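If you read the sequence shown in the numbering used here, its first letter stands for residue 592, the second for the next number, and so on.
From the three backbone atoms N, C-alpha and C, an ideal C-beta is built for every residue, glycine too.
Remember, it's a predicted structure, so these values are computed and weren't measured experimentally.
Structure record follows, encoded as structure tokens.
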Amino acid sequence: MRKGFFILLLVALLSCIEPFSVFAAISGDPIKQYGLPFLITNAGQGPGGKMARLLVSQTKTLELDKDFFYLAEPVEADLKERPYKALMVIIGSSDKGLGASGITIDQEIARLQRIVKASKDMKLPIIAVLLEKDKRSNVATNPNERCIDTICPYAEWMIVVRDGNTDKRFDKIKEKYHIPLTIIDNAIDFTSLCKQIFIKK
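Here it is as structure tokens:
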């Protein structure tokens, strides 16, 4: 019931040891680089967006509300509010999150489709990210699968935690749509990865 809270607490505790990690477990396609600022948001109303916000903050080089911003439910106009260089969409649906927002998964998917279209029209690159383990299902109508199908085919790059790709779902998307895929062993590796993606000049 308090899963989101415990996820954030765990990330906070793990992030304390990140500065002592010499090597991050990152594999797959070459790391892309983007300018600043960028926008982090959710796909599915799960806790992953807030987790990503915390992990990016742990870089100590990227500052919230200056170098990057977080919006849980942006609409098309929000994408034009600042000169964003990338839209980072964190995939992960939650019944609790949907309930708190007062929307259904169908309404969430419709919103995401509008965001994807607006991003394409603006030529704003989408980075699709999956940070949570055990959030997958082989049922096509599962909310997480629907979010994946809505976002990933239109992404410029995918970043996925290894345990979220045990069925090679994202490898198949990579092959079908020719989208680069980078794998991280654990969510905590996302911090080191972001240090390489977003470099202040």
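Taking a cut-off of 8 Å for Cβ pairs, the stretch 615 to 626 and the stretch 652 to 668 do not touch, as fewer than three such pairs fall below it. Boundaries of the beta strand (DSSP E) around Thr632: 629 to 634. If you ignore the 5 residues before and after Tyr675, its C-beta comes within less than 7 Å of the C-beta of Pro628, Phe629, Leu630, Leu715, all in its own chain and listed in chain order. Relative to the Cα of Gln636, the nearest Cα in the group Ile706, Ile681, Ser783 belongs to Ile681. By the Cβ rule, the stretch 660 to 671 does not count as touching the stretch 760 to 768, because fewer than three pairs are nearer than 8 Å. For Ala709, same chain residues with a beta-carbon under 7 Å away, outside a window of 5 residues either side, are Glu667, Leu670 in chain order.
By the neighbour-count criterion, in which 16 or more other beta carbons inside 10 Å mark a residue as buried, Asp776 falls on the exposed side. Taking all protein chains in view, the Cβ of Gln787 is surrounded by fewer than 16 other Cβ atoms within 10 Å, so the residue is classified as exposed. When DSSP states are grouped into helix, strand and coil, Thr695 belongs to the coil group. Met749 sits buried, since 16 or more C-beta atoms from the chains shown fall within 10 Å of its C-beta.
Counting only the Cα atoms, Ile696 lies some 35 Å from Lys651.
A straight line joining the alpha-carbon of Cys738 with that of Ile700 spans about 7 Å.
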